[in-house]
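Below: one structure, written as structure tokens.
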Amino acid sequence: MRTVGSDPGPSGYPWGMADHRPCTARGETPLQRADRNFGELLQELRVTQTGVQILFAFLLSLAFTPRFPDLDTVQRATYVTTLLLAVLAAILFTAPAALHRSLFQQGAKAHIVRVSSRLASAGMGVLVFAFTGAVLLVVDVTAGRAGGLAAGATTLLLCLGLWGLLPRLVRRRTAGRTSEEPAGDAAGPRADAAAEPLGGAYAGAGRASGGSRPAAARRLPEPRRRNPARTGPSTRR
């Protein structure tokens, strides 16, 4: 029966310790990478939650304004729909914190990161329509139905372009240049050779040439030492 750290596994690392060996070009272990990804995700959620909180507070206060009873059926439907979308977006953005708290110290950080990323993406999609509904409602009340529809359509196109189309274009331009891949795959053999010390580079070059050491790494022959018996003064006369 194998125990953690008892003998090396197929990859050369002890059994049960695969999460502690470097696996990316940054020299991170899988656990370190999951911690960093979750921290970056929380920073993104802080930015989006600020917008959701402002929108939700505005919609809640709108129901208690003097002009709210004057809204027609379409405007009331828009208001209720937008309010529910804002609530749904807030729930999706706060779900990763609840998920992390429920699975705390359960060894599921990688799964938490994947599920939280999907929840955040779903929240962004819901937030697009919440922003669109809020702009549509406000402009409809102040400038008329045609102006509200135009403003809502513009908001929808801007959100889809900046939040959906732009990331895909950037992803296509940066495809193949990610630092999340294993160190040997992302940078190629040149980067590996540059990262090795001088002796390791010579050893790698020797292996590539069939086992013989390169000329730069071969030892130069040492100069012959003179015989001390012959270096003295000559005994011949």
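Quick note: the sequence shown uses UniProt numbering, first residue 1, plus one each step.
We put the CB at the ideal spot given by N, CA and C, even for glycine.
No experiment lies behind these values; they were computed from the predicted model shown.
Endpoints, alpha helix (DSSP H) assigned at Q49: 30-62
Whose C-beta lies closer than 7 Å to the C-beta of A208 among residues of the same chain, with five residues either side of it excluded? Because the pLDDT at A208 is just 46, under 50, the model does not fix this residue reliably, and the value given afterwards should be weighed accordingly. For A208, where only same-chain residues beyond five positions count, there are no Cβ hits under 7 Å.
Confirm, please, whether the CB-CB distance from G123 to A89 is below 7 Å. yes
According to the Cβ coordinates, are A153 and T82 closer than 7 Å? no
Identify, in the order they occur along the chain, each residue of the same chain with its Cβ nearer than 8 Å to the Cβ of W163, setting aside the five sequence neighbours on each side. M124, V128
Excluding sequence positions up to five away, which residues of its chain have a Cβ less than 6 Å from the Cβ of V126? L85, L88, A89
Assess, as a yes-or-no matter, whether the stretch 34-52 is touched by the stretch 109-120 under the definition of 3 or more beta carbon pairs within less than 8 Å. yes
Below 8 Å, can you find three or more Cβ-Cβ pairs linking the stretch 103-118 to the stretch 144-160? no
Three-state secondary structure (DSSP) of T65: coil
Tell me which same chain residues have a C-beta within less than 8 Å of the C-beta of A63, skipping the five on either side of it? Y79
What are the boundary residues of the alpha helix (DSSP H) that R173 is part of? 166-173
Limits of the unbroken alpha helix (DSSP H) element including Q75: 73-102
Counting C-beta neighbours from all protein chains within 10 Å, is the total for V170 16 or more, i.e. buried, or is it exposed? exposed
Below 7 Å between beta carbons: does that hold for S102 and L41? no
I91 to R172, Cα distance in whole Å? 31 Å
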